[in-house]
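**Student:**
Number of protein chains: 2
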Amino acid sequence: MPYQKVKGGVCAPKEFYASAVAAGIKSPEMERLDLALIYSQEPCVSSGTFTTNRVKAAPVRVSQANLRKNEIRAIIANSGNANACTGIKGLQDARAMADLVAKPLKIRRREVGVCSTGVIGLPLPMERMTPHGEALVEGLKPSNGTKVAKAIMTSDTRHKQIAITTEIEGTEITIGACVKGAGMICPSMATMLCFVTTDARVSRACLEKCLLEAVESSFNRVTIDGDMSTNDTVLVLANGAAGGPNIHRRSKSCRQFCDALKWVLTELAKDIVRDGERVTKFVTVEVKGARTYLDAKKVAEAVAKSQLVKSSWNGNDPNWGRIIHAVGYSRAPIREELVDIYYEGLPACLGGLVAETPLEKLRAIAKKGSFRITIDLNLGKSDYKIYSSDLSPEYVDFNRSEYAYWNQARKEGTVG
Amino acid sequence: MPYQKVKGGVCAPKEFYASAVAAGIKSPEMERLDLALIYSQEPCVSSGTFTTNRVKAAPVRVSQANLRKNEIRAIIANSGNANACTGIKGLQDARAMADLVAKPLKIRRREVGVCSTGVIGLPLPMERMTPHGEALVEGLKPSNGTKVAKAIMTSDTRHKQIAITTEIEGTEITIGACVKGAGMICPSMATMLCFVTTDARVSRACLEKCLLEAVESSFNRVTIDGDMSTNDTVLVLANGAAGGPNIHRRSKSCRQFCDALKWVLTELAKDIVRDGERVTKFVTVEVKGARTYLDAKKVAEAVAKSQLVKSSWNGNDPNWGRIIHAVGYSRAPIREELVDIYYEGLPACLGGLVAETPLEKLRAIAKKGSFRITIDLNLGKSDYKIYSSDLSPEYVDFNRSEYAYWNQARKEGTVG
Numbered sequence: 001m002p003y004q005k006v007k008g009g010v011c012a013p014k015e016f017y018a019s020a021v022a023a024g025i026k027s028p029e030m031e032r033l034d035l036a037l038i039y040s041q042e043p044c045v046s047s048g049t050f051t052t053n054r055v056k057a058a059p060v061r062v063s064q065a066n067l068r069k070n071e072i073r074a075i076i077a078n079s080g081n082a083n084a085c086t087g088i089k090g091l092q093d094a095r096a097m098a099d100l101v102a103k104p105l106k107i108r109r110r111e112v113g114v115c116s117t118g119v120i121g122l123p124l125p126m127e128r129m130t131p132h133g134e135a136l137v138e139g140l141k142p143s144n145g146t147k148v149a150k151a152i153m154t155s156d157t158r159h160k161q162i163a164i165t166t167e168i169e170g171t172e173i174t175i176g177a178c179v180k181g182a183g184m185i186c187p188s189m190a191t192m193l194c195f196v197t198t199d200a201r202v203s204r205a206c207l208e209k210c211l212l213e214a215v216e217s218s219f220n221r222v223t224i225d226g227d228m229s230t231n232d233t234v235l236v237l238a239n240g241a242a243g244g245p246n247i248h249r250r251s252k253s254c255r256q257f258c259d260a261l262k263w264v265l266t267e268l269a270k271d272i273v274r275d276g277e278r279v280t281k282f283v284t285v286e287v288k289g290a291r292t293y294l295d296a297k298k299v300a301e302a303v304a305k306s307q308l309v310k311s312s313w314n315g316n317d318p319n320w321g322r323i324i325h326a327v328g329y330s331r332a333p334i335r336e337e338l339v340d341i342y343y344e345g346l347p348a349c350l351g352g353l354v355a356e357t358p359l360e361k362l363r364a365i366a367k368k369g370s371f372r373i374t375i376d377l378n379l380g381k382s383d384y385k386i387y388s389s390d391l392s393p394e395y396v397d398f399n400r401s402e403y404a405y406w407n408q409a410r411k412e413g414t415v416g
Numbered sequence: 417m418p419y420q421k422v423k424g425g426v427c428a429p430k431e432f433y434a435s436a437v438a439a440g441i442k443s444p445e446m447e448r449l450d451l452a453l454i455y456s457q458e459p460c461v462s463s464g465t466f467t468t469n470r471v472k473a474a475p476v477r478v479s480q481a482n483l484r485k486n487e488i489r490a491i492i493a494n495s496g497n498a499n500a501c502t503g504i505k506g507l508q509d510a511r512a513m514a515d516l517v518a519k520p521l522k523i524r525r526r527e528v529g530v531c532s533t534g535v536i537g538l539p540l541p542m543e544r545m546t547p548h549g550e551a552l553v554e555g556l557k558p559s560n561g562t563k564v565a566k567a568i569m570t571s572d573t574r575h576k577q578i579a580i581t582t583e584i585e586g587t588e589i590t591i592g593a594c595v596k597g598a599g600m601i602c603p604s605m606a607t608m609l610c611f612v613t614t615d616a617r618v619s620r621a622c623l624e625k626c627l628l629e630a631v632e633s634s635f636n637r638v639t640i641d642g643d644m645s646t647n648d649t650v651l652v653l654a655n656g657a658a659g660g661p662n663i664h665r666r667s668k669s670c671r672q673f674c675d676a677l678k679w680v681l682t683e684l685a686k687d688i689v690r691d692g693e694r695v696t697k698f699v700t701v702e703v704k705g706a707r708t709y710l711d712a713k714k715v716a717e718a719v720a721k722s723q724l725v726k727s728s729w730n731g732n733d734p735n736w737g738r739i740i741h742a743v744g745y746s747r748a749p750i751r752e753e754l755v756d757i758y759y760e761g762l763p764a765c766l767g768g769l770v771a772e773t774p775l776e777k778l779r780a781i782a783k784k785g786s787f788r789i790t791i792d793l794n795l796g797k798s799d800y801k802i803y804s805s806d807l808s809p810e811y812v813d814f815n816r817s818e819y820a821y822w823n824q825a826r827k828e829g830t831v832g
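Written as structure tokens, this is what we have:
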């Protein structure tokens, strides 16, 4: 534990406020939080990373445009509807979402980031959201971080947030964050959204660099089946309220800030895997001895996304045959006769052949809820690590049908 | 039905003989056919395509080497053990398998193709196979095609074979073939093996060209999750027993032969999907209007291999949101606002937006055992087609564990 954890999630850093309401987007009957606002009293430096899916939801387009033009200092987010595949109307709705809070906050629309998560292809129920604009702003409190984490949940079984403090060059800074959803384990309803706040006084260049680096070694290590959602978004706001000297890009302080941000996002990324839909295993796939970083990545991704490998994890099966098979089709140049495979350090396969470790010992590891598989290609010095999960019959069952969901939405009038 | 079907499978063409025995590789107790031989009385022209997995089973290496050096006229194949990840011993065993029949047939070892399918990482139980060499040769009959189709089965629920006749430039020729296993739907036990025989008098150049073309438009259209086995093999033997003029590569006759071969392999490829493990749907994914062939292929593969899309098929869910989502992350350059998606010609999505077709009509199509999805990118003139299947909870359950299988193998002494 290299950092000190504190409470408060996105409201832990100084001068950050939040609120959330139940607007009836997720369900008109039940009182479930589904519309949230994060706001910094101070102007912010901001950055974001977005889905690379060519089908991009309207809120993604709006947030990207806003970040290109200036700094954002507020985020409005809803769950229950993704506002994706909704055309011109969707863009208008996303902008209207920003307006909902920009006016009462007396800031410009383009200072608001917009995020949505939920079903694809249905228009946002604006008539349910509009009445809540002022209430959201009036409800802003420095104690509402958890409410935001809850309001963005869809198929998540628990809310996920974290906050830490650390000292950078004599100034204590705080980083807070919340996340929802799942990368590799997502249904189309389960976009990955992550909001990060910090009171560090950081330059935009440093913030952008740190965010890219942190996302690459956290969320990109779990979003591995290519099933990248139309709405995936990470937004970070830094309001400088902690004071101290400005953190510039090529400084030791920036390196320290990057490390802290990376640690925070990696914790949340692991939380996402652990909370994956019907997941029973947390498996770390570690590739060593690759010729290049990209080779190591290819091998790790091929193994961690193989349906057969993931099914075997669900069955507590230390099946190295399926692993080496995935190593072979990964398109990385490997040499079968050099491949070693270990379960928690115990060899299952050495030089491409079955090792002498008794099957029962490997089986005991594969039975655990969390274990580590190491694949050593013995070709070079590059490595890569991925956090993965098993594939369960229950996952497939869970994801068999959104039809019920749609039908419900139509009945409720969420669809025109 | 452009060709006339005939009986006999790989023995339908003239001068082809086959036999199969229960050697106890699959199961020492039960009498299950697991060792087979195909033999042409006449010398053959031959060709093969093999797995591109960098982890290649020993029999694949041996067959490749034999085809490089000369023509093969016999194939020995076993099920129950893949002879993969078995090192030098595996290569010795694969060569010994060829010897088993080469000696009694009085042909050279290098004239024999060798194939294995089954578990990975265990040595071949040679002591069970060796006693059957002469019996295999003595049992050769022109009526044993079906026995071969049965002997190569592993998780297949039924044997799969076909034979047709057609006239090429006045000569009636016959093509016979059998296949086992599954591409996209395979466990590591379910390699795809396909043996093709023909009495056409065809040049090696024509045969090679036709085989590549036919495999590209058949098996490569179902082997789409990258889960390419260590053992996948297609072998074709042409003995010329039908007579007639030699079919040269750049002739009209070669074109006719290609078409026939393509038709045969496409029928078998579809059979593989239909017989996939715990499969309930046969879905044709058709991409049109792509800028390039590769773009069309990327989109079709992204859709057909998406866990979420395949789960929704299992649930009878006409979920075009998940489809366009996969189209978006396929890495093909697409424009969301131009994408149309149809179920059996009925629009579900037009220009990236929900179409007006009543959900119930789409649902009725998605409920069928077999349906076609068309994705029109409206960008160009290239297209691509894939035959796919759903992903069922039962598939995952079925593939959870080979541990039981291994343990059994150890008890039975199949493992040293």
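Residue numbers (my numbering), protein chains in the order written: chain U, 1 to 416; chain X, 417 to 832. Ideal placement from N, C-alpha and C gives every residue a C-beta, glycine not left out.
1. Should aspartate 813 of chain X be flagged as near chain U, meaning a C-beta pair shorter than 8 Å?
2. Rounded to whole angstroms, what is the Cα-Cα separation between leucine 136 of chain U and asparagine 144 of chain U?
3. How many angstroms separate the CA atom of threonine 468 of chain X from the CA atom of tyrosine 329 of chain U?
4. Does DSSP classify glycine 139 of chain U as helix, strand or coil?
5. In terms of DSSP beta bridges, what is isoleucine 38 of chain U paired with?
6. What residues of chain X sit near isoleucine 324 of chain U, judged by a beta carbon separation below 9 Å?
7. Beta-carbon of valine 695 of chain X versus every beta-carbon of chain U: anything under 8 Å?
8. Let's test the definition: count the other Cβ atoms within 10 Å of the Cβ of leucine 684 of chain X and tell me whether it reaches 16, buried, or not, exposed.
9. Considering just the uninterrupted stretch of the alpha helix (DSSP H) at leucine 212 of chain U, what are its terminal residues?
10. Mind pulling the chain X residues with CB within less than 7 Å of serine 392 of chain U?
11. Quick check: is the beta carbon of methionine 1 of chain U nearer than 8 Å to any beta carbon in chain X?
12. Does the CB of leucine 353 of chain U have a neighbour CB from chain X at under 8 Å?
13. Can you say whether lysine 141 of chain U is buried or exposed, counting buried as having 16 or more other CB atoms within 10 angstroms of its CB?
14. Which whole-angstrom value is the C-beta distance of valine 40 of chain U and asparagine 246 of chain U, which I expect to be below 8 Å?
15. Alpha carbon to alpha carbon, how far is cysteine 206 of chain U from histidine 248 of chain U? Give it in angstroms, no decimals.
16. In three-state DSSP terms, what is aspartate 756 of chain X?
17. Any contact between the region 344–352 of chain U and the region 309–317 of chain U? By contact I mean 3 or more CB pairs, one from each, below 8 Å.
18. Quick one: what's got a C-beta closer than 6 Å to alanine 630 of chain X's C-beta in the same chain, skipping five residues either side?
19. Would you list the one or two residues that DSSP bridges to glutamate 394 of chain U?
20. Hey, how far is the Cα of serine 435 of chain X from the Cα of valine 564 of chain X?
21. Which residue's Cα is closest to the Cα of proline 358 of chain U: U:Val299, U:Phe371 and U:Pro318?
22. Which class does aspartate 572 of chain X belong to by DSSP, given the choice of helix, strand or coil?
23. May I have a chain-ordered list of the alpha helix (DSSP H) segments no shorter than 4 residues that lie completely inside the region 672–751 of chain X?
24. Closest to valine 202 of chain U by C-alpha separation, out of U:Leu193, U:Thr165 and U:Ala242, would be which residue?
25. Is it true that the CB of proline 43 of chain U sits closer than 8 Å to the CB of valine 114 of chain U?
26. Alpha carbon to alpha carbon, how far is lysine 596 of chain X from histidine 575 of chain X? Give it in angstroms, no decimals.
27. Kindly indicate which three-state DSSP category asparagine 497 of chain X falls into: helix, strand or coil?
28. When you compare the CB of asparagine 314 of chain U with every CB in chain X, is at least one pair closer than 8 Å?
29. Using a beta-carbon distance below 8 Å, is glutamate 717 of chain X in contact with chain U?
30. Just to confirm, are glutamine 256 of chain U and isoleucine 168 of chain U a CB contact at a threshold of 8 Å?
31. Can you have a look at alanine 36 of chain U and say buried or exposed, based on whether 16 or more other CB atoms are within 10 angstroms of its CB?
32. Cβ closer than 9 Å: which chain U residues qualify as neighbours of isoleucine 750 of chain X?
33. Which of the three DSSP states is assigned to leucine 449 of chain X in this structure?
34. Starting from the C-beta of aspartate 572 of chain X, find all residues in its chain whose C-beta is less than 7 Å away, skip the five residues before and the five after it, and write them out in chain order.
35. Against chain X, does serine 155 of chain U count as a neighbour if the rule is that its beta carbon must be under 8 Å from one of theirs?
36. Enumerate in chain order the residues of its own chain whose CB-to-CB distance from glutamate 360 of chain U is below 6 Å, with the five nearest sequence positions on each side excluded.
**Tutor:** Put simply:
1. Interface residue, yes.
2. If you draw a straight line from the Cα of leucine 136 of chain U to the Cα of asparagine 144 of chain U, it comes to about 11 Å.
3. Here the alpha carbons of tyrosine 329 of chain U and threonine 468 of chain X stand approximately 7 Å from one another.
4. If DSSP states are grouped into helix, strand and coil, glycine 139 of chain U belongs with coil.
5. According to DSSP, which records beta bridges pairwise, isoleucine 38 of chain U is partnered with U:Ala18 and U:Ile75.
6. What isoleucine 324 of chain U touches in chain X, judged by beta-carbon distance under 9 Å, is Val471, Ala500, Cys501, Ile536, Gly537 and Thr646, going in chain order.
7. Under the Cβ criterion of 8 Å, valine 695 of chain X is not counted among the residues facing chain U.
8. By the neighbour-count rule (16 or more Cβ atoms within 10 Å), leucine 684 of chain X is buried.
9. It spans 204–216 - the alpha helix (DSSP H) in which leucine 212 of chain U sits, taken as one unbroken run.
10. Chain X residues near serine 392 of chain U: Val812.
11. Contact of methionine 1 of chain U with chain X is not assigned, every C-beta pair being separated by 8 Å or more.
12. In terms of beta-carbon proximity, leucine 353 of chain U lines the interface with chain X, with at least one pair separated by less than 8 Å.
13. So lysine 141 of chain U ends up on the exposed side.
14. The sequence given here places serine at residue 40 of chain U; valine does not occur at that position. Taking a contact as a CB-CB distance under 8 Å, the pair serine 40 of chain U and asparagine 246 of chain U does not count as one, their CB atoms being some 17 Å apart.
15. Within the model, the alpha-carbon separation for histidine 248 of chain U versus cysteine 206 of chain U is close to 6 Å.
16. Judged by DSSP in its simplified three-state form, aspartate 756 of chain X adopts strand.
17. Too few Cβ pairs lie closer than 8 Å, so no.
18. Close CB contacts of alanine 630 of chain X within its chain, under the 6 Å cut and outside five residues either way in sequence, are with Leu677, Lys678 and Leu681 (chain order).
19. Answer is none; glutamate 394 of chain U lacks a bridge partner.
20. Looking at the backbone, the Cα of serine 435 of chain X and that of valine 564 of chain X are separated by about 7 Å.
21. Here the closest residue by C-alpha is U:Pro318.
22. It is coil, neither helix nor strand.
23. Those alpha helix (DSSP H) runs which fall completely within the region 672–751 of chain X and span 4+ residues are 709–721, 723–730 and 736–745.
24. The shortest Cα separation from valine 202 of chain U among U:Leu193, U:Thr165 and U:Ala242 belongs to U:Ala242.
25. Between valine 114 of chain U and proline 43 of chain U, the C-beta spacing is not below 8 Å.
26. Looking at the two C-alpha atoms, the distance is approximately 7 Å.
27. When secondary structure is reduced to three states using DSSP, asparagine 497 of chain X falls in the strand class.
28. Answer yes: the Cβ-Cβ gap between asparagine 314 of chain U and chain X drops below 8 Å somewhere.
29. Closer than 8 Å to the CB of glutamate 717 of chain X there is not a single CB belonging to chain U.
30. In contact: glutamine 256 of chain U and isoleucine 168 of chain U (Cβ atoms closer than 8 Å).
31. Classification for alanine 36 of chain U: buried.
32. Here the neighbours are Arg54 and Val55.
33. Here leucine 449 of chain X sits in coil by DSSP.
34. The answer, listed in chain order, is Lys596, Gly597 and Asp691.
35. So, not an interface residue.
36. Correct list: empty, nothing qualifies.
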